[in-house]
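Protein chains: 2
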Amino acid sequence: MDNEQLTYPGSRRIYVPGTLHPQVKVAMREVELEDSLFPDGSTEKNAPVRVYDCSGPWGDPDFHGDAQKGLPALRAEWIAARGDTAADADGALVAADVKTPPTQRAYALRGIVTPEMEYVAIRENLGRESAFKAVYDKFPSAKSRPAEAQAVLDELGTGMPRPSELEAQPGFSPQSLAHRADLDFRHLSGTSARMPALYTPEYVRDEIAAGRALIPANINHPEAEPMIIGRNFFCKINANIGNSAISSNLEEEVEKLRWAIHWGADTVMDLSTGKNIHETREWILRNSPVPIGTVPVYQALAKCSGRVDALSWPIFRDTLIEHARQGVDYVTIHAGLLERFVPHTARRATGIVSRGGSIIAKWMMLNKQENFFYTHWDEICDILAAYDVAISIGDGLRPGSIADANDFAQLAELEVQGELTRTAWAKGVQVMNEGPGHVPLHLIPENMRKQLEWCAEAPFYTLGPLATDIAPGYDHITGAIGGSIIAQRGCAMLCYVTRKEHLGLPDREDVREGVVTYKLAAHAADLAKGHPAAQLRDNALAKARFEFRWNDQFNLSLDPERARQYHDLTLPHSNAKKAHFCSMCGPDFCAMKLSQEIREIY
Amino acid sequence: MDNEQLTYPGSRRIYVPGTLHPQVKVAMREVELEDSLFPDGSTEKNAPVRVYDCSGPWGDPDFHGDAQKGLPALRAEWIAARGDTAADADGALVAADVKTPPTQRAYALRGIVTPEMEYVAIRENLGRESAFKAVYDKFPSAKSRPAEAQAVLDELGTGMPRPSELEAQPGFSPQSLAHRADLDFRHLSGTSARMPALYTPEYVRDEIAAGRALIPANINHPEAEPMIIGRNFFCKINANIGNSAISSNLEEEVEKLRWAIHWGADTVMDLSTGKNIHETREWILRNSPVPIGTVPVYQALAKCSGRVDALSWPIFRDTLIEHARQGVDYVTIHAGLLERFVPHTARRATGIVSRGGSIIAKWMMLNKQENFFYTHWDEICDILAAYDVAISIGDGLRPGSIADANDFAQLAELEVQGELTRTAWAKGVQVMNEGPGHVPLHLIPENMRKQLEWCAEAPFYTLGPLATDIAPGYDHITGAIGGSIIAQRGCAMLCYVTRKEHLGLPDREDVREGVVTYKLAAHAADLAKGHPAAQLRDNALAKARFEFRWNDQFNLSLDPERARQYHDLTLPHSNAKKAHFCSMCGPDFCAMKLSQEIREIY
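If you read the protein sequences in the order shown, they are chains X and L.
Position 312 (the first sequence) corresponds to 311 in numbering that gives the first Met the number 0; numbering is contiguous.
Position 57 (the second sequence) corresponds to 56 in numbering that gives the first Met the number 0; numbering is contiguous.
Printed below as a string of structure tokens:
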């Protein structure tokens, strides 16, 4: 498996260099397209399409690493250059001075643009600068712009600002686009997102300083490529891996990591509860180009042999430091679940369904004390700040069924999440908030609105939400439906749900199906919230489809292998890839073919 | 295959009799549940859950029919008893008098409640009367109702009216519920639906008379069980079958029909374009307990050997009559695509993607004449009215890509669909309107609003809509996302999309995956629009899940076979079905188990 190269057909790996920080080289995948072929025999070039790439060095055909050695330490020099960290006795980095935490938030608040910030700005633009500016260079003035040019602009993407809106803004000129971080898009209906025409490092810095976004990047995880989580950027997705007492082993988990990031997981959570938790995590971290999240209480409880009565703050604190020193980029801590909320779950349809939530709830019941995550929040934040571990404030009382959605227990915890968010920010910690769960469609907007309001616009990170309870075996889809809607409204990251959810442990194919499903859900939301780079890929794929460029259609899709496989099941011959019809309608009834004839006339 | 019995585990078929029309026996499936087992050893019965059943006699273990003989003529006597039809020379029924068309709409307008109307009222209630009334019988007055009773009511379903809202309505008493067709639910956010607490035959009649709903039920398809399409009822789903020039045969198509209705297709469209179109359809109709839709122009063009220049009104008219005489319940006709709209598609990203639309567009270009469906609309409606064939006004200019969504061509046709709707209604014809297609999430509400406004609330029937173009191989999911949202907003029926969409012809497993996916999307919308019977199944499944009644959890799901299979992959032993933990967390970390312990204390 270590030698299995996971790459995409018709694609090449490119690296886009930084300007402020020339050492920054942002990995992207470029899908190369065939020429358009017209009925008169003429041809036209199609520009390659750049797509977001989570696979890191594993997706670079020129990288010949090996999982035993781990990945190169991409960020080691950037971290060292800041001169604010020191190695402890065992070589782990930690803040040299607790007053200046080495967090992206602390830098942003001081006005510093880090290499990490420039990395994500370039990453979010996806090479769209050129496509966008090409139109403007051709038609610099709105007054001289013919209707056709306007149509071209409109076709460039739903997320594109209409020129009238752009030019109404004082000081606008196409040439200055790259420097206009404050240039807003039109505000699309149904979303709380507002994005600039082009991302700049300064815009990224400002979003992080405002708390609306975070770059999970532990100083002890230099292998990670920077990525940003915030509603004014691409919606991200997380995939869970991790062994349990029942099943799974270390090799499988690392295979799942590489597999998950190949298909597009932006972060990965290691939820191991079985044996060798530390070693599993070490292996995952050293091989992961994406941020790794954990739920430290799982390991803390394992240290107590599963006995909640033996759990204590010191055991948890030591476990948290262990995670921080290893390089975990964000941790889930269920600090918002207060003692007085627990009785409110007793009459729920499905009680407490969060593992972490039920552990701390039981601890509070046994000890008749307040949640120790809550009472030790300041100390927790100090630890996190010293390593730039981001906090993902858990939702221990998330609803586990449609019947429990948006109930008192859930919303009471959300309010405390807001309080904890502000405290963590004050310590320089980067923050996001976790959310449900099972929520029917009509209650999702209320949940999103309250999170934005009560948690001061900190990024929301939800599991699903699952829009119905009645489809076990298809819960990747019930979750993608809810996920799309909450992401459109402003949720920054979706935790995937596999089709095995509620039933069993996901295998390799389940991870693929789950990641791709959430990727398409997040993308549907990106279109709807107007991410400026989102629609170019849809447009390129639609054009390839209309022109019967089958290979391009496959290669531009989220899962080229499956698209090709499904096509070949019906039309296996290689010349069918050039056929000007497809298997659904056959040659006599092909709508696309007839439609192309219409175009020849008008 | 004819002998293969397609049934669900742990379920039995029941028939609920009518009151106004005692000969009406409404088929439902009842899922029987195990007892709840509490830690102290006590048990509690769980009431069986009634679910909507589309499978007709094929799903009744006591039915021993055979596809060669076809299904019993359930509605033959009801039709005959109305005395307004006569057999033509070849035995097909037709209106005895053109002035009194034998359509459900004509009856509704005359104030008549047909057996078909009573059938669908009972079908939509799903035995919920008893569950709902049980709560009210226990606590007849809101004033004496303790908080616990209020909580129980809330848990009974999101769609349930809050007692305060119910009782604020003059004349309300719990005992009169069954007669209160005008009793509105609270209006849930984000939907245009308003449903009564209980469906009555009179409510159904009024919805049909208003044009907000239809019962597709050709007088020559007496085998069909009545079902209703309208936004104030369950959202329905359609599955397409049909052979093409490339592939598929008659046996496969009928197998797909039985398979599709087993999984929950409410209607089936036969889109055959290959050989033996007439015989394929005859076989499908005689074996179908669900309404069958067709696109007659496909066969008309086949009669012209695929040459659009040979197509003409007389050929189409004869084909339409052929479909009507055979028993087709609804037909798609692309009458709203006017000649002047065609040039507006030339600069689209994906032109015209509707097969029927591209055929008539090409005909108009070749003949330089207006769409003959439009110019012969009155004659078309007269034919449809004579057999109670419902019209599904096609959307020949639906967008085939995100880039083309809600463009001029699409909306121009939608406006004409509204005009045609009114004309058809005036002729007594039952009407629905077809819609897109590919639409990004933020443009779906606008599309739905305009359809309701311009088409006078006639039911909307959409294909998807697909929320992104970039996921071929997963388009059942991109379509389910858009479908859920448009159904929540008021779309009455979703046409399924399989994962082979854009790529190839669906096989048996693709049909299953597609139907179940759309079923869950429609159900998510039913929850969100407040269908009073929707949430009971979620609640029953959630309770089974919380109590580790694994068999009940499987049996209550949309696809019990898959749920069980996924579970058994991880925990294959039969005693795992009684285990108080599941494979994801293992026994030490089980949140549900911990949560049950909390319940024992509070």
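Even glycine gets a Cβ: it sits at the ideal position worked out from N, Cα and C.
For clarity, every value in this text was computed on a predicted model and none was experimentally measured.
Within 10 Å of its beta-carbon, does residue i have 16 or more other beta-carbons around it, so buried, or fewer, so exposed?
| i | result |
| --- | --- |
| Q368/L | exposed |
| H322/X | buried |
| M159/X | Residue confidence is low: M159/X scores 43 on pLDDT, short of 50, so the model does not pin down where it sits. Its coordinate-derived value is still stated next. The residue is buried, with at least 16 neighbouring Cβ atoms inside 10 Å. |
| Q22/X | exposed |
| S651/L | The question about residue 651/L has no answer here: the residues shown for chain L are numbered 0 through 601. |
| R109/L | exposed |
| Y7/L | buried |
| I600/X | exposed |
| E546/L | buried |
| F340/L | buried |
| T266/X | buried |
| V97/L | exposed |
| L365/X | exposed |
| E456/X | buried |
Measure the C-alpha to C-alpha separation of residue i and residue j and round it to an integer number of angstroms.
| i | j | result |
| --- | --- | --- |
| S400/X | G229/L | 28 Å |
| E117/L | E31/X | 60 Å |
| D183/L | R211/L | Reliability of the predicted coordinates at D183/L is poor, the pLDDT of 39 falling under 50, and no value is obtained from them. |
| E418/L | T477/L | 31 Å |
| S608/L | P458/L | Nothing about residue 608/L can be reported from this structure: the residues present for chain L run from 0 to 601 only. |
| S594/L | R104/L | 53 Å |
| L5/L | H441/L | 40 Å |
| S391/X | D506/L | 43 Å |
| R240/L | K361/X | Checking the sequence shown, residue 240/L turns out to be Ile, not Arg. In a straight line, the C-alpha of I240/L is about 54 Å away from that of K361/X. |
| L256/X | S287/X | 7 Å |
| R285/L | P38/X | 45 Å |
| E560/L | D567/L | 11 Å |
| T344/L | S271/L | 26 Å |
| E378/X | A385/X | 11 Å |
| M226/L | V119/L | 5 Å |
Please tell me whether residue i and residue j are closer than 8 Å, where the distance is taken between their beta carbons.
| i | j | result |
| --- | --- | --- |
| A223/L | R28/L | no |
| K528/L | I236/L | no |
| R324/L | A91/L | yes |
| M194/L | N231/L | yes |
| P71/L | P56/L | yes |
| V48/L | A539/L | yes |
| V330/X | T279/X | no |
| G472/L | D558/X | yes |
| G427/X | E412/X | no |
| L213/L | A389/L | yes |
| M66/X | D83/X | Met is not the amino acid found at residue 66/X; the sequence shown has Ala there. Their beta carbons are not under 8 Å apart, which means A66/X does not touch D83/X by this criterion. |
| R536/X | I283/L | no |
| A491/L | M431/L | yes |
| I320/X | I382/X | yes |
| S604/X | L451/X | In the structure as shown, chain X begins at 0 and stops at 601. Residue 604/X is therefore absent and cannot be evaluated. |
Grab me the residues of residue i's own chain with a C-beta within less than 6 Å of its C-beta, minus the 5 sequence neighbours each way, in chain order.
| i | result |
| --- | --- |
| I121/X | V15 and V25 |
| V352/X | G399 |
| R347/L | D403 |
Cutting at 7 Å between CB atoms, please list the residues of its own chain near residue i, excluding the five before and the five after it.
| i | result |
| --- | --- |
| N370/X | A334, L336, L337, E338, I359 and M363 |
| H501/X | P471 and D474 |
| R204/X | A107, V112 and M116 |
| I484/X | L440 and I443 |
Could you check whether the Cβ of residue i sits closer than 7 Å to any heavy atom belonging to the ligand PLP?
| i | result |
| --- | --- |
| G436/X | The ligand PLP is not part of the structure shown, which contains no ligands of any sort. |
Report the neighbours of residue i on chain C: residues whose CB is nearer than 7 Å to its CB, in chain order.
| i | result |
| --- | --- |
| M364/L | This model lacks chain C altogether; the protein chains it does include are X and L. |
Note down, in chain order, each residue of its chain lying with its Cβ closer than 8 Å to the Cβ of residue i, except the 5 sequence neighbours on either side.
| i | result |
| --- | --- |
| N405/X | P398, V438, L442, E445 and N446 |
| E76/L | Q22 |
Under 8 Å, with one C-beta from each stretch per pair, do the segment 368-388 of chain X and the segment 307-316 of chain X reach the 3-pair mark?
yes
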